[in-house]
Amino acid sequence: MAKGYLALVLHAHLPFIRHPESENYLEENWLFEAITDTYVPMIEVFDGLIQDNVDFHVTFSLSPTLMTMLRDELLISRYLRHLDRLIHLSEKETERVKNEKRFHDLAVMYRDRFIRAKKVFSEIYGKDILLAFKKFNDLGKLEVITCCGTHGYLPSIDPYKAGIRAQIKTAVDTYKNVFGSVPKGMWLPECGYNEGHEKILREFGIQYFFVEAHGVLFGSPRPKYAVYSPYICESGTYVFGRDLDSSKSVWSAKDGYPGNYNYREYYRDIGFDLDFNYIKPYINNFNTRVNTGIKYYRITGATDQKDIYDHRLALETAAKDSADFMNSRQKQLDNLVDLMDRTPVIVSPYDAELFGHWWFEGPDWLNYLLRKMHFDQDKIKTITPGGYLKLYDKYPPIKPSMSSWGYKGYSEVWLDGSNDWIYRHLHKISELMSESAKQYTAPSQVEERALNQMARELLLAQSSDWAFIMKTGTFVNYAKDRTKEHIGRFLVLHDQLRKGEIQETFLKESEGKYNIFPDIDYRIYARID
Amino acid sequence: MMSEQFRSGTDFQVPNERPCAKNNYCIPPQYNENRIVLMVKDPWTLYSYWEVKKEVEDRVRDDMRQKGQTASKSILRVFDVTDDTRGGKNGTVLDFELRNWANSWYVHTGSPGRTWLAEIGIVSASGDFFMLSRSNKVAAPSYGMSPERDKEWDCPEEMYYKMFAIAGGYGGGLSSYEMRDILDKHLKAWLSSGGITSDIFGSTGLFLGRR
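Here it is as structure tokens:
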């Protein structure tokens with residue numbers, strides 16, 4: 057009998073970035089990099105574990121924007137072209153460095169990885185890697201859940217409950233289209249929670265959600281088991297709190313595993329290191345240097361003089377780090393078992409893109425961890441929240457406390473001097489959306505299309521990513537442009553609707569460009585309680 | 009639910025030529041309406057933005073004149089309405105003088121766990137407040153251990169801090185008093201270090217924030 061459980065939660069998300077009008081948006085590369093660096097390697101890890109009969113249970117959140125992009129024909133075709141270019145570049149690299157063995161070994165590694173990624177993506181999963189996640193979900197190995205429609209930061213939408221409802225409904229609908237059922241759980245974007253959200257989650261059949269540690273620790277009544285048990289809200293929704301200790305060991309740049317000097321250095325990419333004319337044909341002819349994914353150095357230390365990356369040494373380090381993680385969780389359990397009259401669960405959520413993209417060895421670390429937990433011990437077992445909720449008839453009650461997992465634990469990241477200007481516009485169009493939804497109870501076909509597109513524009517404008525980018529200071533213009541564009545498109549459509557002068561060409565262009573949520577129904581905004 | 013003050017007409021100017029420039033949609037600076045909105049930033053801080061319709065301001069200034077009063081200054085007034093009375097039992101009313109046409113404000117209440125309401129208005133020379141717009145109510149979260157205990161799932165303070173210690177990575181072995189002290193500091197450090205977003209691996213920041 058296990059002394060306790062580990063609930064690993066991986067949250068995969070990228071904002072909806074799709075530019076049919078141009079191939080010059082390097083922001084589209086984020087999806088391509090994430091597929092190659094994170095999603096495909098993760099799929100390979102899970103497939104390998106299943107093949108080797110390793111018992112594991114992991115929760116995987118796929119955001120609706122990501123799911124939509126992963127099934128978008130235009131983006132898939134662009135991804136494959138991107139991957140072909142990378143394969144060519146890596147082949148060329150094997151030639152360029154053929155006389156330098158250590159570099160050559162790495163060039164071959166990259167070439168083989170890219171070729172393998174293409175095989176997994178195109179041949180094994182038929183250009184639809186969501187099928188992999190569906191398979192893992194159906195097998196009960198992954199509990200695939202989702203998060204809000206466009207990753208809207210819910211506390212900032214709070215004055216408009218209809219807006220929160222729309223974020224959750226579009227998420228549930230997107231998930232149902234892929235997985236055929238209502239998701240058991242929901243990842244709240246940025247763990248952004250405020251009182252009342254749990255009720256709306258319940259309306260849509262969501263069984264559980266997660267909050268940052270202090271969302272539970274500061275909850276009321278006082279939580280008997282800290283973050284080591286789920287709690288039940290008055291609405292009947294269950295809430296799990298994040299464990300800080302296990303989170304820190306992976307997340308932290310300074311003290312966490314990914315900062316180990318043996319791991320691959322993210323910032324030394326040949327896209328920046330080599331002659332620009334050599335690189336340019338392989339980076340979509342962008343007129344600026346971008347990452348290619350081919351990186352030859354290890355972190356080495358706080359120095360610019362980087363050593364050549366040693367993949368074998370890095371894998372040994374990943375194996376050691378996974379053992380350390382497991383041992384640390386076992387120690388945590390040793391401390392917990394005497395204090396708890398039920399089996400503790402340690403909830404460790406991470407952004408999926410940390411694994412593979414930033415922390416190159418992250419998927420290997422996960423692979424080693426899950427294998428070690430299965431083969432080397434029986435003190436701690438992996439579990440999903442859905443699995444844990446079957447263990448007991450009753451769970452302690454709580455009203456969670458407002459919280460997020462962002463800087464300072466609340467709304468600072470998404471509400472500060474760099475981005476607060478957006479809220480007067482987002483709230484205004486939320487209000488106009490609700491008014492229009494109530495007003496147009498029997499719209500004409502074109503009015504209905506305009507109203508549905510207004511809903512899409514509103515949802516896209518609410519993506520937490522834009523405010524986040526404005527705060528962090530990179531790609532700010534893109535984030536500002538996208539925010540203004542969605543608000544602007546909404547206002548134009550609203551104006552045309554109100555005047556009875558809907559311009560088909562503009563409507564069509566908006567529908568074509570921002571084609572997320574094809575089955576959206578604007579009437580969700582008519583309810584304002 | 010939004011208060012009636014939030015209801016608005018649609019008489020703002022929408023840019024009807026699109027786009028203003030490539031990928032640069034124009035959005036109106038204001039919406040020609042009378043509204044003030046209050047948001048919670050953290051347990052100690054609120055954010056408010058507002059817009060005052062000229063007609064409303066003219067009417068309020070007329071009213072002041074008719075009452076023989078003269079306008080002195082524009083004020084953002086924030087009330088503690090936790091106990092359903094203006095200012096609450098402890099009578100907290102925070103005034104902020106607005107200059108240079110400020111249209112937003114970060115309000116540092118310093119009091120977690122309270123419910124707040126804001127009004128924008130004009131204070132007369134004799135100190136009377138003439139309201140221009142009233143906001144929604146918001147509840148700032150409490151900070152720290154809840155005093156409320158459930159009979160069936162009771163959690164004494166000592167137990168709370170022991171569990172908290174493990175959550176914070178301190179293991180066992182300290183007295184509850186020592187733990188409380190350490191953990192309060194630990195939590196503050198954890199939260200203010202960003203836990204996540206100020207560190208290397210931010211949520212979404214993996215792609216968006218660290219280039």
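Protein chains in written order, with my numbering: chain A, 57 to 585; chain B, 9 to 219.
Glycine included, C-beta positions come from ideal geometry on N, C-alpha and C.
Please go through the same chain and pick out, in chain order, the residues whose beta-carbon is closer than 7 Å to the beta-carbon of P71 (chain A), but skip the five residues on each side of it.
Only T121, H207, S519 and D521 meet the Cβ criterion.
Can you tell me whether Q263 (chain A) is buried or exposed, with buried defined as 16 or more other CB within 10 angstroms of its CB?
Buried is the call here.
Of the residues A:R368, A:G412, A:L126 and A:R385, the one placed nearest I350 (chain A), counting alpha carbons only
Here the closest residue by C-alpha is A:G412.
Hey, does Q433 (chain A) have any beta-carbon neighbour from chain B nearer than 8 Å?
Chain B has no Cβ within less than 8 Å of the Cβ of Q433 (chain A).
Compare the Cα-Cα distances from L198 (chain A) to each of A:I220, A:D111 and A:F260 and report the closest residue.
Of the residues A:I220, A:D111 and A:F260, the one whose Cα lies closest to the Cα of L198 (chain A) is A:D111.
Does the beta carbon of A173 (chain A) come closer than 8 Å to any beta carbon on chain B?
Output row for A173 (chain A): interface = no.
According to DSSP, is C28 (chain B) helix, strand or coil?
Legend: pLDDT at C28 (chain B) = 45, less than 50; position of this residue unreliable, value from coordinates given subsequently. If DSSP states are grouped into helix, strand and coil, C28 (chain B) belongs with coil.
Where K49 (chain B) meets chain A, residues with beta-carbon distance less than 7 Å
Per Cβ cutoff of 7 Å: Y466, S467, E468 and L471.
Partners in chain B for G236 (chain A), counting only beta-carbon separations shorter than 8 Å:
Here the premise fails: no neighbours, minimum Cβ distance about 28 Å.
What separation, rounded to the nearest whole angstrom, lies between the Cα atoms of H367 (chain A) and E166 (chain B)?
In this structure, the straight-line span from the alpha carbon of H367 (chain A) to that of E166 (chain B) is close to 48 Å.
How many Å lie between N475 (chain A) and L54 (chain B) at the Cα?
Rounded to whole angstroms, N475 (chain A) to L54 (chain B) spans 15 Å at the Cα level.
Between the beta-carbon of C203 (chain A) and the beta-carbon of M242 (chain A), is there less than 8 Å?
Yes, these two residues count as a Cβ contact at 8 Å.
State the beta-bridge partners of D50 (chain B) as determined by DSSP.
Bridge partners of D50 (chain B): B:T53.
Any idea if N24 (chain B) is buried or exposed, counting beta-carbon neighbours within 10 angstroms, 16 or more meaning buried?
Its pLDDT being 43, under 50, N24 (chain B) is placed unreliably by the model, and nothing is read from it.
Closer than 7 Å at the beta carbon, the chain B residues around K484 (chain A)
Here the neighbours are Y39.
Buried versus exposed call for E491 (chain A) [16 or more other C-beta atoms within 10 Å across all chains shown]
Buried, because 16 or more other Cβ atoms sit within 10 Å of the Cβ of E491 (chain A).
Ordered list of beta strand (DSSP E) runs contained in the segment 92–166 of chain B, each at least 3 residues
The DSSP assignment places complete beta strand (DSSP E) segments of no fewer than 3 residues inside the segment 92–166 of chain B at 101–106, 112–116, 123–132 and 137–142, in order along the chain.
Closer than 8 Å to chain B by CB, G327 (chain A)
No, no contact with chain B.
How about V48 (chain B) and P211 (chain A): do their beta carbons lie closer than 8 Å?
Result yes, Cβ atoms of V48 (chain B) and P211 (chain A) sit closer than 8 Å.
DSSP three-state label for R505 (chain A), please.
If DSSP states are grouped into helix, strand and coil, R505 (chain A) belongs with the helices.
Could you run through the segment 270–291 of chain A and flag, in chain order, every residue whose CB is less than 8 Å away from some CB of chain B?
Against chain B - using a Cβ distance shorter than 8 Å - the residues of the segment 270–291 of chain A are H270, L273, F274, G275, S276, P277, R278, P279, K280, Y281, A282, V283 and Y284.
Within 10 angstroms of the Cβ of Y334 (chain A), are there 16 or more other Cβ atoms? Answer buried if so, exposed if not.
Per the 10 Å Cβ criterion, exposed.
Any Cβ of chain B within less than 8 Å of the Cβ of N391 (chain A)?
Yes, its Cβ sits closer than 8 Å to a Cβ of chain B.
Going by the DSSP bridge assignment, what does V65 (chain A) pair with across the sheet?
Bridge partners of V65 (chain A): A:T115 and A:P405.
At least one CB of chain B closer than 8 Å to the CB of Y479 (chain A): is that the case?
Yes, its Cβ sits closer than 8 Å to a Cβ of chain B.
List the residues of chain B that I543 (chain A) touches, going by C-beta distances under 9 Å, in chain order.
Going along chain B in sequence order, the residues near I543 (chain A) (Cβ under 9 Å) are Y33 and I35.
Which same chain residues, not among the five before or five after L515 (chain A), have their C-beta less than 6 Å away from its C-beta?
Same-chain partners within the cutoff: G205 and T206.
Closest to Y365 (chain A) by CA distance: which of A:F328, A:F416 and A:F332 is it?
Looking at the Cα atoms, A:F416 is the closest of the given residues.
Residues of chain B with a CB under 8 Å from the CB of D476 (chain A): which are they?
By Cβ distance, chain B contributes Y55, Y57 and S112.
With distances taken from CA atoms, which of A:F88, A:V65 and A:L64 is nearest R74 (chain A)?
Relative to the Cα of R74 (chain A), the nearest Cα in the group A:F88, A:V65 and A:L64 belongs to A:F88.
Taking just the CA atoms, how far does M458 (chain A) sit from R122 (chain B)?
Taking the straight line joining both Cα atoms gives about 13 Å.
Output yes or no for whether 8 Å exceeds the beta carbon distance between R545 (chain A) and S566 (chain A).
Here R545 (chain A) is near S566 (chain A), since their CB atoms are less than 8 Å apart.
Any beta carbon of chain B sitting closer than 8 Å to that of K437 (chain A)?
No, because no Cβ of chain B sits closer than 8 Å to the Cβ of K437 (chain A).
Between E149 (chain A) and R324 (chain A), what straight-line distance do the alpha-carbon atoms span, to the nearest angstrom?
Using only the alpha carbons, I get a separation of about 15 Å.
Along the chain, where does the beta strand (DSSP E) containing I83 (chain B) start, and where does it finish?
Note, I83 (chain B): beta strand (DSSP E), A79 to D88.
Just mark N42 (chain B) as buried or exposed, buried being the case when its beta carbon has 16 or more other beta carbons within 10 Å.
Classification of N42 (chain B): buried, given that the 10 Å Cβ count is 16 or more.
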